[in-house]
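K.L.:
Residue numbers (this note's numbering), protein chains in the order written: chain F, 1 to 275; chain B, 1001 to 1066. Note that the Cβ used here is the ideal one computed from N, Cα and C, for glycine as well. Computed from a predicted structure; not experimentally measured.
#1: Measure how close the beta-carbons of residue 220 of chain F and residue 166 of chain F come, nearest whole angstrom, since I'm counting them as under 8 Å.
#2: Under the three-state reduction of DSSP, which class applies to residue 88 of chain F: helix, strand or coil?
#3: In angstroms, rounded to a whole number, what distance separates the CA positions of residue 84 of chain F and residue 3 of chain F?
#4: Here's a check: name, in chain order, each residue in its chain whose Cβ is nearer than 7 Å to the Cβ of residue 1002 of chain B, leaving out the five neighbours to either side.
#5: Since residue 1036 of chain B meets chain F, which of its residues come closer than 9 Å, beta carbon to beta carbon?
#6: Taking 8 Å as the threshold, find out whether the stretch 143 to 151 of chain F comes into contact with the stretch 246 to 260 of chain F through three or more Cβ pairs.
#7: Does the beta carbon of residue 144 of chain F come closer than 8 Å to any beta carbon on chain B?
#8: Below 8 Å, can you find three or more Cβ-Cβ pairs linking the stretch 164 to 180 of chain F to the stretch 72 to 81 of chain F?
#9: Check the Cβ of residue 50 of chain F against every Cβ in chain B and list those closer than 8 Å, keeping chain order.
#10: Any beta carbon from chain F within less than 8 Å of residue 1014 of chain B's own beta carbon?
#11: If we count the other Cβ atoms within 10 Å of its Cβ and call it buried at 16 or more, is residue 90 of chain F buried or exposed?
#12: Report the residue from F:161, F:268, F:188 whose alpha carbon sits nearest the alpha carbon of residue 1050 of chain B.
#13: With the cut-off set at 8 Å, would you say residue 1046 of chain B and residue 20 of chain F are in Cβ contact?
#14: What are the boundary residues of the beta strand (DSSP E) that includes residue 220 of chain F?
#15: In or out: residue 1036 of chain B buried (at least 16 other Cβ within 10 Å) or exposed?
This is how it looks when you write it as structure tokens:
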């Protein structure tokens, strides 16, 4: 799980049975003490593998939306909730956004949220610590970053990594004002990895996005993969498909929708051609 | 599915704020002035903790448990 704190923006991404939406009230309170007022909110997630294990308010998307509606201040009056479908019923993209009148969406900034399942078993084993290992999470994390090739995804980034006991891995990449993050649950039967990054379509090296995405996917070689692209420009999501097809991943479905506070969200699912 | 393993799929929340004090925002402070104890209180509500952290001039990044 990861937390990113910018001067006027907070991003929290948590897995397991965490109760993420319960962070909203205290964050609004502490921000208010600093003279800051909430102006937009975006909540996204994929389809849980174990939905019945989720606690309130994450017991269903309907319950989450009710909780968000009741928790957010009334100035965030432009609201929308949607479940973006795919051809695979196990992969839907759940989106809730809300904003006030003043919030302006930057037209150039994009966010990529990649969810990968059915990871290659040999590659997933690299995210287990040896039995009886005595290394700290920091040291074991650094080793995993190196041996898996995660450190090569963006060599310019400063990496903060951590390996969990007995398995699992998280990293944050920090490069100027851009973050990237990877989280891994390697257990066979419910293996999962995510990759997320942000950028601008005006970056000199937007090709870097394609390269980073490819490298991240090759670390895991998933059987199924979904990519959610949040960006007002259509340039990014079309590049996503072009980046993944040479890796043997075929686009099975694509859904698009417009949201206040977020702009355009495109949700694509891919499966390995071996399937 | 009867047996539950660890849920990998994340929930993601992004919140944007605005403030009237341009000095605080222009100096890359704002929410970064939140004390660690305040962040811990927030994360306590979520049911996770900080296990590692790094920062640069633009933002703070934390790896969390779970």
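P.N.:
Let me lay it out:
#1: The Cβ separation is near 19 Å, so there is no contact.
#2: Assigned with DSSP and collapsed to three states, residue 88 of chain F falls in coil, not helix or strand.
#3: Cα atoms of residue 84 of chain F and residue 3 of chain F: separation of roughly 25 Å, rounded to the nearest angstrom.
#4: Caution applies to residue 1002 of chain B, whose pLDDT of 45 falls short of 50 and renders its modelled position unreliable; the model cannot decide the point.
#5: Ordered by position in chain F, no residue passes the 9 Å Cβ test against residue 1036 of chain B, which lies about 11 Å from the chain.
#6: Verdict: no, contact absent.
#7: Interface residue (Cβ-Cβ distance to chain B less than 8 Å): residue 144 of chain F is not classified as such.
#8: In the pairwise beta carbon analysis, the stretch 164 to 180 of chain F is classified as not touching the stretch 72 to 81 of chain F: fewer than three pairs are separated by under 8 Å.
#9: Residues of chain B passing the Cβ test: 1001, 1004, 1005, 1007.
#10: Interface flag for residue 1014 of chain B against chain F is set, since a Cβ pair is found closer than 8 Å.
#11: Residue environment analysis places residue 90 of chain F among the exposed positions, since fewer than 16 neighbouring C-beta atoms fall within 10 angstroms of its C-beta.
#12: Answer by Cα proximity: F:161.
#13: A contact, by the Cβ cut-off of 8 Å.
#14: Taken as a continuous stretch (DSSP letters only), residue 220 of chain F belongs to no beta strand (DSSP E), being part of the alpha helix (DSSP H) at 207 to 220.
#15: Per the 10 Å Cβ criterion, exposed.
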